[in-house]
Structures are given as structure tokens and as C-alpha cells.
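For the record, in the sequence shown the residue sitting at position 166 is 295 according to my numbering, with numbers rising by one throughout.
All residues carry an ideal CB built from backbone N, CA and C; glycine is no exception.
What you are looking at is a predicted structure, and each value in this text was computed from that prediction instead of being measured.
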Amino acid sequence: MSLFWRIFLLNAAVLFAATALLLLGPVTVSTPVLLTEAMIMAAGLVAMLIANAALLRIGLGPLQRLTRAMTTTDLLRPGPRPAVSGHGEIAELIRTFNTMLDRLEAERAASSALALSAQEAERRRIAQELHDEIGQTLTAVLLELRRVADRAPEPLRDDLLQVQETTRDSLDEIRRIARRLRPGVLEELGLISALKALANETTTHTELAVRRSFDSDLPELDQEVELVLYRVAQEGLTNIIRHARARQVGVALHHGALGLELLVRDDGRGIGTAPEGAGIRGMRERALLIGAEVSVGDAPGGGTEVRLHVPAAHIGPGTHLTNGSHTLS
Numbered sequence: 130m131s132l133f134w135r136i137f138l139l140n141a142a143v144l145f146a147a148t149a150l151l152l153l154g155p156v157t158v159s160t161p162v163l164l165t166e167a168m169i170m171a172a173g174l175v176a177m178l179i180a181n182a183a184l185l186r187i188g189l190g191p192l193q194r195l196t197r198a199m200t201t202t203d204l205l206r207p208g209p210r211p212a213v214s215g216h217g218e219i220a221e222l223i224r225t226f227n228t229m230l231d232r233l234e235a236e237r238a239a240s241s242a243l244a245l246s247a248q249e250a251e252r253r254r255i256a257q258e259l260h261d262e263i264g265q266t267l268t269a270v271l272l273e274l275r276r277v278a279d280r281a282p283e284p285l286r287d288d289l290l291q292v293q294e295t296t297r298d299s300l301d302e303i304r305r306i307a308r309r310l311r312p313g314v315l316e317e318l319g320l321i322s323a324l325k326a327l328a329n330e331t332t333t334h335t336e337l338a339v340r341r342s343f344d345s346d347l348p349e350l351d352q353e354v355e356l357v358l359y360r361v362a363q364e365g366l367t368n369i370i371r372h373a374r375a376r377q378v379g380v381a382l383h384h385g386a387l388g389l390e391l392l393v394r395d396d397g398r399g400i401g402t403a404p405e406g407a408g409i410r411g412m413r414e415r416a417l418l419i420g421a422e423v424s425v426g427d428a429p430g431g432g433t434e435v436r437l438h439v440p441a442a443h444i445g446p447g448t449h450l451t452n453g454s455h456t457l458s
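Here it is in C-alpha cells:
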């Protein structure tokens, strides 16, 4: 039965019952209306309104639950689908909404995989050009400066040596940027070594003290899982450096029966009610590609905590974790 006819028949039943009571019952209305009769009519009207409201509440309840689901749905935080309840068009509407969510999440995952794959490829290309082109050019400049400085007179030699040091610092900075764009240590030595190098680099170039805690018995991980874990840790440390005003930060990676858990926690000012920026949303996008979940919030005792949980079913070697034919490289 359609929603229109259900509501119409419910109201018709209430009105029919009220009319039958007036026609067949002992109740009469005088002119002018007596106080007792007015009270009886008022009580009957209230009873009809209550019955009508209760019937409409039961009939439209599933629509209210669907409305709440529509207003709270976030494609970056998949949750349970609204339960299909009610009859007729209401049940069909809920089923259609759930189907739409499935399609939107699949399309979002495919487009995110393409975008992140293109991003990683572009990072690799830029890092390669920085290393091969600019790095080699600055190396040649350093050698030429050294040759000129060896033959320059004493007053000019000090200036050339200063320029040489500045050029060497610039070359080191370019190499550091290239390593951040394309973590070669991740491909060559694995995730733990890459996280250690990231922590050491953070300590060297900032005033942060980084505490590390990594399990030594990690299972063999898929390359996509390792890359997501590394990028989330990298983004977490970058946000701490930029916004947290922290003095200490902890980076931990542990393996348990439920899967892997990466934790980045600082002692800074906390996230509070600040809206999520592009960095956090990027972490959520990456996590969804491997079936993981990212939570960002205030840490116990102050500061901010970034937690990435990778279920055990998604960490096996050789598991294809991205959607469709798109892979994150």
C-alpha cells in the first residue's frame, strides 16, 4: 500500500470512529453548548489528535531515521547502512538510498585511487628531476667553487668558501625534499627503516624530540599498506610541526590479533574544535584505499593523537587492496 493511502486510511478511520460515536452514541450537543458537553467534545478532540499523531509517528518513523542518516553520512567515514523498515515507498526509498551510498563510495574510492596514484607518480617524477638535474648542477657548482677558491687571493677566498657552504646547504635541502617526495628507503629497506629515518629527520631539522616504538615482529606487508602507513605518519608529523606547538612526539607501530595500529601523538595544544583540513582528509582517503580507518582527536593528557588501524584481513602480502584496476604506487 502506498504512503498516501496508508495516511489517508489512518485519518479516515479516526474520523469515521468519531462520527460513529456522535451519531450512534448517547452524546448530544445542546444550544447553547453546556459546559459538560464542551468538556466531552474537547476530550474527544484531544483523543482523536493523539491517536492520529501516534499513527502518523509509526507510519513516518522510518523516514525520520532516513533523514538522520542523510544528514550524518560522510563518505570518508563509512558507517552502517540504515535498516530497511516500513512498507511500500518508504522501504523502497531506504533501499534506494543504501544502493546510492554503495555506488558513491565505490566511485569515490576509484577516483581517490586514481588521484593518489597520479600524485605519487608526480612526486616520483619531481624527486627524480631534483636529484638528477638540480642536484647534479649544484654538485658541479660546488666543484667549480672549490677550484676557484683554491686559486683565489686570500680576501676573496673567504667569500667563495661562504658561497660554497651556502650552496652545499642548498644541495642538502634539495636532497631532503627529494627524499620526502619519494621515500627511497621505504622501497629499499622497508617500513621500519623508513619510519626511523623519518623520525631522525624530524629531530634533526626541528626542535621536536621524537620517541619511537616499533614492533620487531611485523608480518610481511603489501607495498600499498606500507606506503599508506608511511604517508600517514609523515602527514601526522608535518601537521605537528606546523600547528601543534609541541615539544615531544611519539611514533608507534604495533601488531596485534586485530591488525596493525600506527599511533602519532604529541604534547601540543590539541586539535580542539578546529575543522579538519586537507591533510587529515587526505589521510582518510589513503586509509580507505586499504580498508583502514583513521581517527584524529585530543590525546589523553593533552595534545593530538592520530591513530591508523589496519584490520588483520588487509595486511597480508600480495593482497590487492585498491579498488578496481587502480593501484597506489
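- Taking C-alpha positions only, proline 161 is separated from methionine 170 by approximately 14 Å.
- Per DSSP, the continuous beta strand (DSSP E) segment holding proline 440 begins and ends at 433-440.
- Around arginine 210, the same chain offers Asn227 as residues with beta carbons nearer than 6 Å, after the five sequence neighbours per side are excluded.
- Residue pairing by DSSP puts histidine 384 in a beta bridge opposite Leu389.
- For the pair glutamate 364 and glycine 411, the CB atoms are nearer than the 8 Å cut-off.
- In the DSSP assignment, glutamate 422 falls outside any alpha helix (DSSP H) and within the unbroken beta strand (DSSP E) covering 422-427.
- Excluding sequence positions up to five before and after glutamate 390, its CB lies within less than 6 Å of the CB of His383, His438, all in the same chain and listed in chain order.
- Residue pairing for serine 342: DSSP places it in a beta bridge opposite Ala381.
- By the criterion of at least three beta-carbon pairs nearer than 8 Å, the segment 417-435 is in contact with the segment 238-249.
- Nearest neighbour of isoleucine 255 by Cα position, chosen from Gln291, Ser214, Val213, Arg305, turns out to be Arg305.
- The residues Glu364, Thr367, Asn368, in chain order, have a CB closer than 8 Å to that of glycine 408 in the same chain once the five nearest residues on each side in sequence are set aside.
- At the C-beta level, glutamate 434 and arginine 376 stay beyond 8 Å of one another.
- The Cβ-Cβ distance between arginine 341 and alanine 326 does not fall below 8 Å.
- Taking a cut-off of 8 Å on C-beta distances, the segment 313-326 touches the segment 342-353, as three or more cross pairs fall below it.
- Counting along the chain, alanine 235 sits inside the alpha helix (DSSP H) bounded by residues 218-258.
- By DSSP's assignment, aspartate 395 forms a beta bridge with Val378.
- In the displayed model, isoleucine 444 falls within coil according to three-state DSSP, outside both helix and strand.
- By the 16-neighbour rule on beta-carbons within 10 angstroms, threonine 402 is exposed.
- The criterion of a C-beta distance shorter than 8 Å is satisfied by arginine 275 and glutamine 293.
- Ranked by Cα distance from leucine 310, the first of Leu272, Asn181, Arg186, Leu356 is Leu356.
- By the Cβ-count criterion, aspartate 301 is exposed, with fewer than 16 other Cβ atoms from all chains shown falling within 10 Å of its own Cβ.
- Taking C-alpha positions only, tryptophan 134 is separated from aspartate 203 by approximately 34 Å.
- Alanine 176 and proline 207 have their alpha carbons spaced roughly 43 Å apart.
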